[in-house]
Amino acid sequence: MHAATRYLSNYSGDFKSRMTAAVNQSSSGDVISVNVNLNANSPYTLTKSGLTLTGNGTITANGSKILNLKASNTTIKNITFNGGTRTIDVTSNGTLNNITFDNVKVKNGPYRGIGFYETNINNITVKNCTFTNKPFSVEIHDCAMATNVTITNNTFNSSDHQVSLDCADLGNNLNHSNIRITNNTFNVTARHNLALANMKASLIKGNVMKGGTAGYTQCVHIEDRTRGAYIKENQMTNWGNGSGSGDAVIIYTTDRFGHGTGALLTPQQKRAYASGPVSLENNTIIGAGRHGVLISYLQGKANFWGNNQTLKGNNKAIFKSNIVNTSQLNIADSTKFKNNRTWGVLKNWSPSARSGYVNF
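Residue numbers (our numbering): 11 to 370.
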């Protein structure tokens, strides 16, 4: 049996009305063509699995949301989603498998673009998409299971947290694996290009990251029990607001339980919530308003690997707090700092002589 294509131009009403009619007539494997510009007066909830939504149409939210996606084996491509506080929510009481967003444009609105929200997800791909004027463009929020997640070849022109992987309200028993953020272009934002909290097994590779303009901003922000972040072959620049406030990478802890809204953590709890190990390999930090890599709290090692890694900061290339032991820093001799100094040379200098590079 050949897949059927149902064109929303053949139905009447707003986006929800037309989708309801088209999906009711469709079976798994069919295509819904969004071939007309439509308004979403209220969100449509997709529960039928196996459909492809495609087309060159623009869907504009008249409310807080356009789409609730609750179906596995769904592909959404070539569509523009305009507006909404939480434009697309991907959520289910069970596990959602095999969801792809391809060449989707998400723009405008005060909060989330594509959000994977309090659900188990597996085989998720966000690729070739563009996010404009959309804070928290892609968010994984309190997903206890997140496996085989790929965010690749996207362009982020948005503000605030462009990609947020945040499971802060969950415990340590998480099923996270093979999370890949690769080959994206993160243009200048307000705060963070990429933020991770209580995430596991994340590869951050081959991205161009331009930092933010706020007083507190990073290209990569890591906190709250994040384990096994591998940061490789990225190009990072972060001058903050021009006053020396931006770091390229920060390895921190959280100040409060949950998503920054719970009770204050004690110093002992902050140490327990430290992230690590974290590895950086062959990255190029070509400028940071404050530090290249700032390490405030750390579990295990911070590894600096590779023969082609350059770390530069307006202040220090690597800055550690007194909570972090120097023995936790594993720095390859080939790591390059400003003036083409390598760690193989700098490590033999006294702390005061190398203070323009590191603070230890």
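Ideal placement from N, C-alpha and C gives every residue a C-beta, glycine not left out.
All figures in this text were calculated on a predicted structure; none of them were measured in a lab.
Best match in the options for proximity to residue i [C-alpha to C-alpha]
i                 : options                           : result
arginine 281      : Asp234, Gly93 and Thr135          : Asp234
valine 114        : Tyr283, Thr165 and Met29          : Thr165
tyrosine 121      : Ile98, Val136, Asn130 and Asn107  : Ile98
glutamine 338     : Lys137, Arg364, Gly310 and Gly256 : Gly310
isoleucine 341    : Asn332, Asn318, Ala363 and Ser362 : Asn318
glutamine 172     : Thr105, Ser253, Ile124 and Asn358 : Ile124
phenylalanine 196 : Thr90, Pro145 and Ala327          : Pro145
proline 408       : Ser147, Thr15, Val46 and Ile69    : Residue 408 cannot be examined here, being either before or after the span of the chain that is shown, 11 to 370.
alanine 239       : Thr247, Asn163, Ala207 and Lys220 : Ala207
leucine 180       : Asn158, Lys210 and Asn194         : Lys210
methionine 155    : Asp343, Val230, Asn103 and Val116 : Asn103
asparagine 220    : Ser187, Gly302, Val288 and Ala31  : Reading the sequence as shown, one finds lysine at residue 220 and not asparagine. Of the candidates Ser187, Gly302, Val288 and Ala31, the one whose C-alpha sits nearest the C-alpha of lysine 220 is Gly302.
threonine 336     : Leu356, Phe370 and Arg351         : Phe370
Three-way DSSP call (helix, strand, coil) for residue i in this model
i              : result
tryptophan 353 : helix
leucine 61     : coil
methionine 155 : strand
methionine 219 : strand
lysine 326     : coil
arginine 237   : strand
asparagine 107 : strand
valine 421     : Beyond the ends of the chain as shown, which are 11 and 370, falls residue 421; an answer cannot be given.
alanine 363    : coil
leucine 213    : strand
arginine 201   : coil
lysine 346     : strand
glutamine 338  : helix
alanine 13     : coil
asparagine 20  : helix
6 Å Cβ shell around residue i - same chain, five flanking residues per side excluded
i              : result
lysine 215     : Thr192, Lys242 and Glu243
tyrosine 379   : As shown, the chain starts at 11 and ends at 370. That puts residue 379 outside it, with no answer to give.
glycine 272    : Arg266
glycine 250    : Thr227, Gly256 and Gly299
asparagine 185 : Met155
histidine 231  : His202, Ala205 and Ile260
Cβ separation of residue i and residue j, assumed to be a contact under 8 Å, to the nearest whole Å
i              : j              : result
serine 3       : serine 59      : Only positions 11 to 370 of the chain appear in this structure, which leaves residue 3 out of reach.
arginine 300   : glycine 323    : 6 Å
serine 168     : threonine 199  : 6 Å
aspartate 257  : alanine 298    : 6 Å
leucine 48     : threonine 84   : Incorrect: roughly 19 Å between the Cβ atoms, too far for contact.
isoleucine 261 : glycine 222    : The pair is not a contact, with the Cβ atoms about 17 Å apart (cut-off 8 Å).
leucine 213    : arginine 190   : 5 Å
asparagine 88  : threonine 64   : 5 Å
asparagine 325 : leucine 290    : No, asparagine 325 and leucine 290 are not in contact; Cβ-Cβ is about 18 Å, not under 8 Å.
asparagine 132 : asparagine 158 : 6 Å
Same chain, Cβ closer than 7 Å to residue i, five either side skipped, listed in chain order
i          : result
serine 74  : Gly94, Thr95 and Arg96
glycine 39 : Ala13 and Gly60
Own chain residues within Cβ distance below 8 Å of residue i, not counting five before or after
i           : result
leucine 275 : Thr263, Thr264, Asp265, Arg266, Phe267 and Tyr283
_In chain order, what are the residue ranges of uninterrupted beta strand (DSSP E) at least 3 long that sit wholly in the region 252 to 312?_
Runs of the beta strand (DSSP E) lying entirely within the region 252 to 312 and spanning at least 3 residues, in chain order: 256 to 261, 288 to 291, 294 to 298 and 303 to 305.
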